[in-house]
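Residue numbers (UniProt numbering), protein chains in the order written: chain A, 1 to 335; chain B, 1 to 335.
Glycine included, each C-beta is placed from N, C-alpha and C at the ideal position.
If you're wondering where the values come from, they're calculated on a predicted model, not measured in any experiment.
There are 2 protein chains.
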Amino acid sequence: MVRIADVAKMANVSTATVSRVISNAGTVKKETAEKVLEAIKKLNYQPNMLARQLRRSETKTILVVVPDITNTFFSAVLRGIESVAIENGYQVLLGDARNDVESETSFLTILGQKKADGLILLTARTNQKILEDLSEDYPVVLACEYYEGSKLPTVSIDNVSSARKATEYLISLNHKRIGHISGPLNIVVGRDRCRGFHQAMAQHGLSVDPSLVQEGEFSFESGFNLMMKFLSLESPPTALFAGNDEMAMGAIKAAKSKGLRVPEDLSVVGFDDIQFASIFEPALTTVAQPTFDMGQKTMRLLLKLIKDEELEKYQFILPDTLIVRESCKELTIEE
Amino acid sequence: MVRIADVAKMANVSTATVSRVISNAGTVKKETAEKVLEAIKKLNYQPNMLARQLRRSETKTILVVVPDITNTFFSAVLRGIESVAIENGYQVLLGDARNDVESETSFLTILGQKKADGLILLTARTNQKILEDLSEDYPVVLACEYYEGSKLPTVSIDNVSSARKATEYLISLNHKRIGHISGPLNIVVGRDRCRGFHQAMAQHGLSVDPSLVQEGEFSFESGFNLMMKFLSLESPPTALFAGNDEMAMGAIKAAKSKGLRVPEDLSVVGFDDIQFASIFEPALTTVAQPTFDMGQKTMRLLLKLIKDEELEKYQFILPDTLIVRESCKELTIEE
DNA sequence: TTTATCTATGTAATCGATTACAATGAATGC
DNA sequence: GCATTCATTGTAATCGATTACATAGATAAA
């Protein structure tokens, strides 16, 4: 292994000078710098980052914990994060929690071990107190998910109002018996979207039949199964707001399997606008989150925290969009 | 920051002893160890990994370079890799090349900088020589993609024979005018699948109309566009083998847009069996790669290389499966 | 009883960089 | 001509662990 001392010897200077050349300190005479550069090239020298990191006590690495890396929603956010990271000379250490809270929490030790300069969490299922304490000592930013009433720096959309918007769209199409398949209620976005649904219904004077609200798991299968449940009801819903796109697709598949047409017999709104939402048939009407932007914004915030800069605020709500495609239709009056 | 010296002082021992307790060296008296453990707990001490890594010159981190993290095929492989990594105390540094060769190559410096103990590449688009040289000095394993005639350790399926299998399936359904939308031919799996297609056709005495073979980009859009091209032909194909599922779906969408039914008027086979393949309508008949297994196998190989163990062989071909769903149908004789 | 061996622990070198401080010689100011 | 400042470079401390080697005391062997 080539060390800085080898370069120094070959160039006939001290290691300090070599280091100065590498870090572009500017106080080195031109000729000397050239000698050093030449030696570096000749020896094919690359600085040992471990040594540098130890000395500077910074790793230029950040840890990103995702709930599920195979979910394209999160990998899209991750891409936004990485783009800003790379731009700023940072690398991304990936923690895939595989939807398991324990494994999510276990990644947090990495910060204390100084293997990363900061943490981005795309999931907020760990004990809130643990995270808030961690955030006292290290740069931490949440994205997508968040804790209610916490001051942790967070980037997300307003899930409540988006869910309201989605529901209101169905209401505007004359639907009254609207069902909701929510995400898991122990996950904040599942809860918030459910809340938004109820708010919209209440605001328009529509009562919510409790049997038309079911808790899913954000999976295609749960969407399918719960829709089957709805369809076996005396009077099934004419419209459905699903907590995410996977469940929306599952629900539509279920409806089709029972001979219903979507959107003619059932209108469905999803959430997230994952890649396949537009390929699916019918193309999904859904709430699009600005995944890439969220990732970028999150990483920029983290950089500020790492540099010890003041944040102008701690909660960043990014705008989302209801994307109208083909999965909803106005209810013609015949009920 | 709590250092090992702080623990040593509190426990009234030397840093060497503390270190021995931490690493379970076994040569420490029980009482002493308890004293140390207590101090560690009281001070909430966590060893600084940078220091340890520098001293031991190992990072317990591996670098995984993926061509596109938002592609569920690769994230599924990645999950396999990570599962074995975590199990063995390794962490994953993620390099998302975003389908850009330059950025792919730029990640390779990380090894020389000692920020990772080994490298897994899910893409083989970097200059082959560069990689082979790198592999002389560091543990490197390729997965999914590979170099032709290279001895680099590789885990993959046999794309040629799988493509042959897929094509033969169409032939067995009586199809004769079979089209192929290939992946990019500068990517080895694109090339190999194309090769397999031609082999199968030749072996069954079927000629390949050159206008029925087009080079796509592994994207939904390219599948759509190239199928449109086929459909505007005097005599379009009755069956299609697509280089991956995204292109298969794009092609089907194109066929549908022209009023064709799949599989009645057009049979389609895809490749990869991504998540959405079974949800898509018609559910895709496709070649399933053992993504998770490939990831695991790859990581196990890398671990062997890191530990300087001998590999029994360098090329590992894992079995794939043709999954028959609903996108193909026997051609009834009327042509 | 004396020597050899073993157990438990400490001292200090080491990993490979960065950087505070020191030193040298040249240039500038008065 | 002497003091001061500046430019350039070197020496050595430092980051925080691990670990080779040394040592002291206890035990076993002869």
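Using a Cβ-Cβ cut-off of 7 angstroms, threonine 72(A) is close to Thr70 and Thr72 of chain B, given in chain order. Interface flag for leucine 119(A) against chain B is unset, since no Cβ pair is found closer than 9 angstroms. Straight across, the Cα-Cα distance linking glycine 205(A) with valine 268(A) is about 21 angstroms. Pairing glycine 250(A) with methionine 227(A) gives a Cβ-Cβ distance under 9 angstroms. The Cβ-Cβ distance between valine 160(A) and glutamine 128(A) does not fall below 9 angstroms. Membership of histidine 180(B) in any alpha helix (DSSP H) is not indicated; the residue belongs instead to the beta strand (DSSP E) covering 178-182. The Cβ atoms of proline 67(A) and asparagine 24(A) do not sit closer than 9 angstroms to each other. Boundaries of the beta strand (DSSP E) harbouring leucine 93(B): 91-96, taken from the DSSP string. Any Cβ of chain B closer than 9 angstroms to the Cβ of alanine 255(A) would place that residue at the interface, and such an atom is absent. No Cβ of chain A is located within less than 9 angstroms of the beta carbon of threonine 15(B). Residue burial annotation: tyrosine 314(B) is exposed, with fewer than 16 other C-beta atoms found within 10 angstroms of its C-beta. Between the C-alpha atoms of serine 327(A) and proline 263(A) there is a straight-line separation of about 5 angstroms. Neighbours of valine 92(A) across chain B, judged by C-beta separation under 9 angstroms: Leu93, Leu94, Gly95 and Asp96. Sequence-distant partners of arginine 164(A) (beyond 5 residues in either direction) whose C-beta falls short of 7 angstroms from its own C-beta, in its chain, are Gly196, Gln199 and Ala200. For proline 263(B), the closest Cβ of chain A is not nearer than 9 angstroms.
What glycine 112(B) touches in chain A, judged by beta-carbon distance under 7 angstroms, is Gln46, going in chain order.
Of all residues in the UniProt domain "HTH lacI-type" (2-56) of chain A, those with a C-beta nearer than 8 angstroms to a C-beta of chain B are Gln46, Pro47, Asn48, Met49, Leu50, Ala51, Gln53 and Leu54, reading in chain order. Annotation for alanine 124(A): Leu142, Glu145, Tyr146, Tyr147 and Val188 place their beta carbon closer than 7 angstroms to its own, counting only its chain and skipping 5 residues before and after.
Contact annotation: the segment 44-51 of chain B does not touch the segment 103-116 of chain B, with fewer than three C-beta pairs closer than 8 angstroms. Counting only runs that start and end inside the segment 205-247 of chain B, the beta strand (DSSP E) elements of at least 3 residues fall at 213-215 and 239-242.
Across the segment 132-158 of chain B, no CB contact with chain A closer than 9 angstroms is found for any residue.
For serine 327(B), no Cβ of chain A is located within less than 9 angstroms of the residue's own Cβ. The DSSP assignment places complete beta strand (DSSP E) segments of no fewer than 3 residues inside the segment 76-145 of chain A at 91-96, 118-121 and 140-143, in order along the chain.
At a C-beta separation below 8 angstroms, arginine 79(B) has these neighbours in chain A: Ile69, Thr70, Asp96 and Arg98.
Non-local beta-carbon contacts of isoleucine 130(A) in its own chain, meaning distances under 8 angstroms to residues more than five positions away in sequence, involve Thr105 and Leu108 in chain order.
For chain A, the residues of the segment 211-243 of chain B that bring a beta carbon within less than 8 angstroms of one of its beta carbons are Phe220, in chain order. At least one CB of chain B lies nearer than 9 angstroms to the CB of isoleucine 279(A). Chain-ordered, the chain A residues with CB closer than 7 angstroms to the CB of serine 75(B) read Ile69, Thr70 and Ser75. Pairing aspartate 133(A) with leucine 111(A) gives a Cβ-Cβ distance that is not under 9 angstroms. Counting C-beta pairs with one atom in each stretch, the segment 4-11 of chain A and the segment 67-77 of chain B have fewer than three that are closer than 8 angstroms, which means they do not touch. Within the DSSP secondary-structure output, aspartate 272(A) pairs in a beta bridge with Ala288(A). Proximity to threonine 27(B) across Glu330(B), Val84(B), Thr17(B) and Thr61(B) peaks at Thr17(B), based on C-alpha coordinates. Straight-line spacing of the CA atoms in aspartate 209(A) and aspartate 320(A) works out to 28 angstroms. Closest option to alanine 239(B), judged by alpha-carbon separation, among Lys307(B), Asn174(B) and Ser156(B): Asn174(B). Residue pairing by DSSP places valine 64(B) opposite Leu94(B) and Ile120(B) in a beta bridge. For serine 207(A), not one C-beta of chain B is nearer than 9 angstroms to its own C-beta.
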